[in-house]
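Quick note, the sequence shown lines up with residues 145 to 545 if you use our numbering. For reference, the structure is listed below as structure tokens.
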Amino acid sequence: MNAYREDFPFFKAHPDIVYFDNAATTQKPATVIQALIDYYSNDNASVHRSTYTLAQQATDQYEQVRTKVANFIGARDANQILFTKGTTEGLNWIAQGVCRHFLQPGDEIVLSVMEHHSNLVVWQQLANTLDLKLRYIKLTDQQTLDLADAQQKITTKTKVLAITGVSNVLGSSNPICKLSKLIHAVNGLLIVDGAQMVPTMPVDVSQLQIDCLAFSGHKLFGPTGIGVLYATPALLDVLPPAEFGGEMIDQVSLTTTSFQPAPYKFEAGTQNVAGVIGLGAAIDYIQTIGMDKIHAEEQMLGQYLAEQLSNITNVSIYGPADRDSGIVAFNVDQLHAHDVATFLDSNQICVRAGTHCAQPLVNMLEVNATLRASLAFYNSFEECDQLVTAIKAAKEFFSYA
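This is how it looks when you write it as structure tokens:
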């Protein structure tokens, strides 16, 4: 078994469980859990509000994580980092702000058909309300993004390209650098859903020239309820806050309000301080391993699992032949994904079954659901073999050969 498992209390409590649902949420290393305990036990105070020493210490810890996140994703300035509840909130904040501040009726927003609902529905709803036009980049026969179609869809009418970095169903990574050049050539904005990308591979927003990036802590081996929205200073300076409340204002009268500069004008109310501290601990842990190594491990595991599953008759694999991540979606022909997932659960194997919040993509695949095994660096080849054996047993159990 993988040596990294020793760092995760979950696997000590559940030594026989095969946890293959990391695209939904990852398990937490002991150092992250301890960071939460230490904060609540020793340092619990509200940030940015009080002058007493304990509150100042909590504020310092909070702001140190902002710097840590900026360094982790290659942002030039810590003030480009906003703390959110997660990817969904970050994408909603930026979509609302961009659509209402920058776009005019008839402007075009380009997405792909592989988008998670968080990066599709918000644009769809705003487009319907504000008379904007949505265009979708197709996939190739290999179920990767069709770059030639992207070149056709991105025109001088395109103001926003909002796209996932890594598909949460197909496991394929998108060519963000090439897409950045395409959208910036027409003076548009590149907004990236990094929910699966940031935990999987090294990301440098400055090098990739990403205008906005959203991701979640709980998929990055950190706590739930904390996320990050990165944006360029040019956007942060002009976008209005998405929410209003305490500690994000400069001056308030009975009739007018002025706001603090970014990032503070976006972080209204009492923040998830413990979540931020836990996110910082997660980044510390990840960096002891290295994102290059994590990417290589997960890519290798995903490739192995996909190849082993493809050797089973009547099993359909989705996504490219060459895997970019540990995400592998598949089906056992003529068996419903939920039935197979229930069978796997009886064998202590945890996988996701359903449309994975990507219904347009699943509809394009012409199925009603898929199974999804999503592997992290703490998984192993032996666990992949357990899943393959269990799939063969499921076929026998349901009397399907």
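Every residue gets a Cβ at the ideal spot worked out from N, C-alpha and C, and that includes glycine.
- Here residue 402 carries a strand assignment [DSSP, helix/strand/coil].
- If you look at residue 325, you'll find it in the alpha helix (DSSP H) that goes 320-329.
- For residue 504 and residue 264, the gap between their C-alpha atoms comes out near 10 Å.
- Cβ-Cβ distances below 7 Å link residue 509 to 462 in the same chain, with the five nearest sequence neighbours on each side left out; the list follows chain order.
- Closest option to residue 349, judged by alpha-carbon separation, among 330, 405 and 372: 372.
- Residues of the same chain with a CB within less than 6 Å of the CB of residue 162, apart from the 5 flanking positions on each side, are 493, 527 and 530 in chain order.
- For residue 238, no pairing in a beta bridge is given by DSSP.
- One Cα belongs to residue 279, the other to residue 239, and the distance between them is close to 16 Å.
- Within the DSSP secondary-structure output, residue 391 pairs in no beta bridge.
- Taking all protein chains shown into account, residue 490 has fewer than 16 neighbouring C-beta atoms within 10 Å of its C-beta and is therefore exposed.
- The Cβ atoms of residue 375 and residue 223 do not sit closer than 8 Å to each other.
- The C-beta distance from residue 421 to residue 219 rounds to 19 Å, too long to meet the 8 Å contact threshold.
- For residue 337, the enclosing beta strand (DSSP E) starts and ends at 333-337.
- The Cβ atoms of residue 305 and residue 298 sit closer than 8 Å to each other.
- With fewer than three CB-CB distances shorter than 8 Å, the region 423-437 does not count as touching the region 243-262.
- Within the region 229-291, the complete beta strand (DSSP E) segments of 3 residues or longer fall at 252-256 and 277-281, listed in chain order.
- Restricting attention to beta strand (DSSP E) runs no shorter than 3 residues, the region 161-240 encloses them at 225-228, ordered along the chain.
- The C-beta distance from residue 379 to residue 355 rounds to 6 Å, short enough to fall under 8 Å.
- In the structure shown, residue 473 falls within a strand segment according to DSSP collapsed to helix, strand and coil.
- According to DSSP, residue pairing for residue 360 in a beta bridge involves 371.
- If you compare the alpha carbons of 487, 484, 228 and 439 with that of residue 467, the shortest gap goes to 439.
- Buried is the label assigned to residue 416, since at least 16 other Cβ atoms lie within 10 Å of its Cβ.
- Annotated three-state conformation of residue 484 is helix, per DSSP.
- Counted as a single uninterrupted DSSP element, the stretch harbouring residue 462 is not any alpha helix (DSSP H) but the beta strand (DSSP E) occupying residues 459-462.
- Contact between the region 435-450 and the region 470-487 is present: 3 or more CB-CB pairs across the two stretches fall below 8 Å.
- For residue 450, there is no enclosing beta strand (DSSP E); the residue is part of the alpha helix (DSSP H) that begins and ends at 435-454.
- The region 229-247 and the region 377-391 touch, with three or more beta-carbon pairs separated by less than 8 Å.
- Here the alpha carbons of residue 168 and residue 448 stand approximately 21 Å from one another.
- DSSP places residue 304 in the strand class (E or B) of the three-state scheme.
- In this chain, the alpha helix (DSSP H) harbouring residue 533 covers 525-541.
- Contact between the region 319-336 and the region 175-192 is not established, with fewer than three Cβ pairs separated by less than 8 Å.
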